[in-house]
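Single-structure report; data block below.
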Amino acid sequence: MTEEGASPGPGSVLRSTRESLGYTQQDVADSLNLTLRAVDDLECERWDRFHAVAFARGYVKSYAKLLGLDPQTVVADYGEFTEPESEAPPVALLREASAGGVGRLGEMFQRQPGAVLSGTVVIAIAAIAIALVMVWPESDQATEPSLSQRSALTPPPGPAVAAPALSAPEVGATSGRSSPLSGAAETEAIMPSTTVAESDVVAASPPAATEVVVPDAEQHPAPAVAPARRITPIGDDRLELSFSSDCWVEIKDGAGQSLYSNLSRSGDTLHLVGGGPFRILLGYGPGVSLTFNGEPVPLARYTRNNVASVVLGTD
Amino acid sequence: MFKNIRGLFSRDLSIDLGTANTLIYVRDQGIVLNEPSVVAIRHHNNQKTVAAVGLDAKRMLGRTPGNITAIRPLKDGVIADFLVTEKMLKYFIGKVHENSFIRPSPRVLVCVPCKSTEVERRAIRESALSAGARDVRLIEEPMAAAIGAGLRVEEARGTMVVDIGGGTTEIAIISLNGVVYSETVRVGGDRFDEAIVAYVRRTQGSLIGEATAERIKHEIGAAYPQKEIREIDVRGRNLAEGVPRSFTLNSNEILEALQEPLAMIVQAVKSALEQTPPELASDIAESGMVLTGGGALLRDIDTLLAEETGLPVIVAEDPLTCVARGGGKALEMMDAAGNADLLSTE
Numbered sequence: 000m001t002e003e004g005a006s007p008g009p010g011s012v013l014r015s016t017r018e019s020l021g022y023t024q025q026d027v028a029d030s031l032n033l034t035l036r037a038v039d040d041l042e043c044e045r046w047d048r049f050h051a052v053a054f055a056r057g058y059v060k061s062y063a064k065l066l067g068l069d070p071q072t073v074v075a076d077y078g079e080f081t082e083p084e085s086e087a088p089p090v091a092l093l094r095e096a097s098a099g100g101v102g103r104l105g106e107m108f109q110r111q112p113g114a115v116l117s118g119t120v121v122i123a124i125a126a127i128a129i130a131l132v133m134v135w136p137e138s139d140q141a142t143e144p145s146l147s148q149r150s151a152l153t154p155p156p157g158p159a160v161a162a163p164a165l166s167a168p169e170v171g172a173t174s175g176r177s178s179p180l181s182g183a184a185e186t187e188a189i190m191p192s193t194t195v196a197e198s199d200v201v202a203a204s205p206p207a208a209t210e211v212v213v214p215d216a217e218q219h220p221a222p223a224v225a226p227a228r229r230i231t232p233i234g235d236d237r238l239e240l241s242f243s244s245d246c247w248v249e250i251k252d253g254a255g256q257s258l259y260s261n262l263s264r265s266g267d268t269l270h271l272v273g274g275g276p277f278r279i280l281l282g283y284g285p286g287v288s289l290t291f292n293g294e295p296v297p298l299a300r301y302t303r304n305n306v307a308s309v310v311l312g313t314d
Numbered sequence: 000m001f002k003n004i005r006g007l008f009s010r011d012l013s014i015d016l017g018t019a020n021t022l023i024y025v026r027d028q029g030i031v032l033n034e035p036s037v038v039a040i041r042h043h044n045n046q047k048t049v050a051a052v053g054l055d056a057k058r059m060l061g062r063t064p065g066n067i068t069a070i071r072p073l074k075d076g077v078i079a080d081f082l083v084t085e086k087m088l089k090y091f092i093g094k095v096h097e098n099s100f101i102r103p104s105p106r107v108l109v110c111v112p113c114k115s116t117e118v119e120r121r122a123i124r125e126s127a128l129s130a131g132a133r134d135v136r137l138i139e140e141p142m143a144a145a146i147g148a149g150l151r152v153e154e155a156r157g158t159m160v161v162d163i164g165g166g167t168t169e170i171a172i173i174s175l176n177g178v179v180y181s182e183t184v185r186v187g188g189d190r191f192d193e194a195i196v197a198y199v200r201r202t203q204g205s206l207i208g209e210a211t212a213e214r215i216k217h218e219i220g221a222a223y224p225q226k227e228i229r230e231i232d233v234r235g236r237n238l239a240e241g242v243p244r245s246f247t248l249n250s251n252e253i254l255e256a257l258q259e260p261l262a263m264i265v266q267a268v269k270s271a272l273e274q275t276p277p278e279l280a281s282d283i284a285e286s287g288m289v290l291t292g293g294g295a296l297l298r299d300i301d302t303l304l305a306e307e308t309g310l311p312v313i314v315a316e317d318p319l320t321c322v323a324r325g326g327g328k329a330l331e332m333m334d335a336a337g338n339a340d341l342l343s344t345e
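Taken in sequence, the protein lines are chains A and B.
Per numbering that gives the first Met the number 0, residue 0 is the first one in the first sequence, and the count goes up by one each step.
Per numbering that gives the first Met the number 0, residue 0 is the first one in the second sequence, and the count goes up by one each step.
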């Protein structure tokens, strides 16, 4: 507030202009439909007498326009004089009264506590997901050697371990991290598809199977040439497979019973001994050279869509 | 759930969904969008796609090839084309959140005309929800305009607001956070433009477009006789000769052209004053009425209303954005004080 008549503010500008034009306050009041008191309040800058800042500002503008002054200039002067007052609209007062010094997040929490909480939970989940994604490749790499050891973790040849040889991949995958005794139990547990008789064989000879397998996995992780392996108890047909690329190998006997199945890596050589007939399935025929009893088998004629399927040793 | 999560990355918006312009006010930022409520639709093999929205679409008005139609999805302050309004809102909300990498889901306060029906209000709410808003609230336009103009709506004192928009003029008497009386007339800036087009056709025998009429209104339009006569050169198609011709119009001619829509506004204001309860009428007689909306920018419209009603008339600061700003302030007030009185019911 400024003292009456002593200010060079918009009120005194309006008053001096009005007087220079020869108008009375009553003339102005009649033109603007204001009361005489309101005109006097404007000239004396008693802004608090008006109901709202917007009205006082509007009257100043109308008054300036009536006198031929630039309303914007006079209103700008008015703004300078009443800035502290106009900075306190009812909204601001309400906000201060209720919110106090609470920050934006605090305000948000007051308004939408559920949303803030759910947002926090989501951010936490996202952080965990990101951490998992970052760790994942490492764990993949960590498990990779055990997968590549599958072919190496094959049981030694011999009639006594013929049945375990059928489940060589499964045994290799689990036995690397287990004790000999638990290895036997696990082998039994993860072979639900094998026959009861085979399971009995495995259960009866756990020490032999695991004692051979575990040191083999640790000392020779990827042998290029493995000794000949017997896949059936009788017979002396020799199968020799050389791999120039990764290939899935599956060998069944005449009755469709699986004798051998494994993924062989590029560079591996597989020597198998047993009695035919053998139904051989090679996932990638062009990557394998096969000999049967020392004679090469031309796989091309048995290959369709890169998958070779051949039956050898038929009578 | 997801809307709530996305809402954390969105800002509260107040939308003045007007017939002529759509304005968006963002908390703590002010008016961030002011674009014409126009959408250009491309027709292709019985399929409609949005070609442009807002300012770009307005430039196309009256200049589109056969397969593109520039339309205004709102008429008289309410939705005339639901789907197009939804597309437009979606575009505007997205534009306000341009820097956000998450699809926005803001809380939205939409200003609606007082006399809009329940169906019209529901259409606006549904449209905003479909456009991605997670929570839609409605407020009556004069209430938002009064708050935006800086009036003390919460006091037990009558305040009169005249909001002259593009399609409608809303007149309301407000007291204690509520609308005591309201009146809507379907006259606004668009009717002014139409009146100018009709006048030029009648007196000059030439046809001008809406955009030209709007330019004439902005440059020399007035609601009260001016001391200084202003002139403007205009080009239009001569109806008799069929070729474009240039002619000059002055402010007195435009004043004459605008007489009919202006008289309708004056009549509505007088009618509202007649209906006002005596106590509130006394308050209004003392403090006067406040003009808001784009129509308040017409020269000397305050003088005309002051002379016709015998009341003090003031034009709000920045009248074009009053409603949007008021909506934003209303959101803040409601959050701060838990005051839901300001809201409009559906």
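Cβ atoms here follow ideal geometry from the backbone N, Cα and C, with glycine treated the same way.
Here the structure is a predicted model, which is why all the values come from computation and not from measurement.
Worksheet entry | Residue(s) in a DSSP beta bridge with residue 192 (chain B) | None, per the DSSP bridge assignment.
Worksheet item: If we call anything under 9 Å between Cβ atoms a contact, is residue 11 (chain B) one with residue 105 (chain B)?
Response: yes
Worksheet item: By Cβ distance, which residues of its chain are closer than 7 Å to residue 243 (chain A), with the 5 residues on each side in sequence left out?
Response: Cβ within range, chain order: 265 and 286.
Worksheet item: In angstroms, rounded to a whole number, what distance separates the CA positions of residue 200 (chain A) and residue 231 (chain A)?
Response: Caution is warranted here: a pLDDT of 41 is assigned to residue 200 (chain A), below 50, making its placement in the model unreliable, and the coordinate value is therefore given only provisionally. Computed Cα separation, rounded: 14 Å.
Fill in: Residue-level contact to chain B via CB, residue 21 (chain A), 9 Å cutoff
Contact with chain B is absent for residue 21 (chain A), since none of that chain's Cβ atoms lies less than 9 Å from the residue's Cβ.
Fill in: Exposure of residue 47 (chain B), with buried meaning 16 or more beta-carbon neighbours within 10 Å
Residue burial annotation: residue 47 (chain B) is exposed, with fewer than 16 other C-beta atoms found within 10 angstroms of its C-beta.
Worksheet item: In this structure, does DSSP put residue 320 (chain A) in helix, strand or coil?
Response: Residue 320 (chain A) lies beyond the range of chain A shown here (0 to 314); nothing can be said about it.
Worksheet item: CA-CA distance, residue 202 (chain B) and residue 255 (chain B)?
Response: 11 Å
Discussion item. Here's a check: name, in chain order, each residue in its chain whose Cβ is nearer than 6 Å to the Cβ of residue 252 (chain A), leaving out the five neighbours to either side.
Written reply: 258
Worksheet item: In this structure, does DSSP put residue 81 (chain B) in helix, strand or coil?
Response: Helix, per DSSP.
Fill in: Rounded straight-line distance, which links the Cα of residue 192 (chain B) to that of residue 215 (chain B)
About 9 Å.
Item to complete: Consider the Cβ of residue 66 (chain A): report whether some Cβ of chain B lies at a distance smaller than 9 Å.
Response: no
Worksheet item: Count the other CB atoms within 10 Å of the CB of residue 241 (chain B); is the residue buried (16 or more) or exposed (fewer)?
Response: exposed
Discussion item. What residue range does the beta strand (DSSP E) around residue 244 (chain A) cover?
Written reply: No beta strand (DSSP E) holds residue 244 (chain A); DSSP gives it neither H nor E.
Worksheet item: CA-CA distance, residue 309 (chain B) and residue 160 (chain B)?
Response: Distance between the alpha carbons of residue 309 (chain B) and residue 160 (chain B) is about 16 Å.
Worksheet entry | At least three beta-carbon pairs within less than 8 Å, the stretch 291–303 of chain B to the stretch 146–164 of chain B | yes
Practice prompt. Please report the residue range of the alpha helix (DSSP H) in which residue 64 (chain A) lies.
Written response: According to the DSSP assignment, residue 64 (chain A) belongs to the alpha helix (DSSP H) that extends over 52–65.
Worksheet item: Looking at C-alpha atoms only, which residue of B:108, B:81 and B:32 is the closest neighbour of residue 334 (chain B)?
Response: B:108
Worksheet item: Nearest to residue 250 (chain A) by CA position, among A:132, A:56 and A:275, is which residue?
Response: That would be A:275, whose Cα lies nearest to the Cα of residue 250 (chain A).
Practice prompt. On a CA-only basis, which of A:66, A:27, A:36 and A:247 is nearest residue 306 (chain A)? Give me that one, please.
Written response: A:247
Item to complete: Tell whether a beta-carbon distance below 9 Å holds between residue 261 (chain B) and residue 111 (chain B).
Response: no
Item to complete: Quick one: measure Cβ to Cβ for residue 66 (chain A) and residue 16 (chain A), integer angstroms, because I've assumed they're closer than 8 Å.
Response: 5 Å
Worksheet item: Which of the three DSSP states, helix, strand or coil, is assigned to residue 312 (chain A)?
Response: Residue 312 (chain A) sits in coil when the DSSP states are folded into three classes, being neither helix nor strand.
Worksheet item: What residues of chain A sit near residue 162 (chain B), judged by a beta carbon separation below 8 Å?
Response: Going along chain A, no residue has its Cβ under 8 Å from residue 162 (chain B), so there is no contact; the nearest lies around 14 Å.
Worksheet item: Taking the Cβ atom as the reference point for each residue, do residue 219 (chain B) and residue 175 (chain B) lie within a distance shorter than 9 Å?
Response: no
Discussion item. If you measure between the beta carbons of residue 324 (chain B) and residue 188 (chain B), is that distance less than 9 Å?
Written reply: Residue 324 (chain B) is not a Cβ neighbour of residue 188 (chain B), given a cutoff of 9 Å.
Worksheet item: So, are the CB atoms of residue 20 (chain B) and residue 34 (chain B) less than 9 Å apart?
Response: yes
Worksheet entry | Test item: CB-CB of residue 304 (chain B) and residue 288 (chain B) under 9 Å | yes
Worksheet item: Apart from the five residues just before and just after residue 91 (chain A), which ones in its own chain have a Cβ nearer than 7 Å to its Cβ?
Response: Reliability fails at residue 91 (chain A), whose pLDDT of 33 lies under 50, so the model's placement of it is uncertain and the value that follows must be treated cautiously. Correct list: empty, nothing qualifies.
Discussion item. Using the Cβ count rule (16 or more neighbours within 10 Å means buried), how would you classify residue 124 (chain A)?
Written reply: exposed
Worksheet item: Using a Cβ cut-off of 7 Å, which residues of the stretch 43–54 of chain A contact any Cβ in chain B, in chain order?
Response: 50, 51, 52, 53 and 54
Discussion item. Here's the rule: buried if 16 or more other CB atoms are within 10 angstroms of the residue's CB, otherwise exposed. What is residue 127 (chain A)?
Written reply: Classification for residue 127 (chain A): exposed.
Worksheet item: Helix, strand or coil for residue 34 (chain A) per DSSP?
Response: coil
Worksheet entry | Closest residue to residue 263 (chain B) among B:85, B:279, B:300 and B:228 (Cα-Cα distance) | B:300
Worksheet item: Is there at least one Cβ from chain A nearer than 9 Å to residue 310 (chain B)'s Cβ?
Response: yes
Discussion item. Counting C-beta neighbours from all protein chains within 10 Å, is the total for residue 47 (chain A) 16 or more, i.e. buried, or is it exposed?
Written reply: exposed
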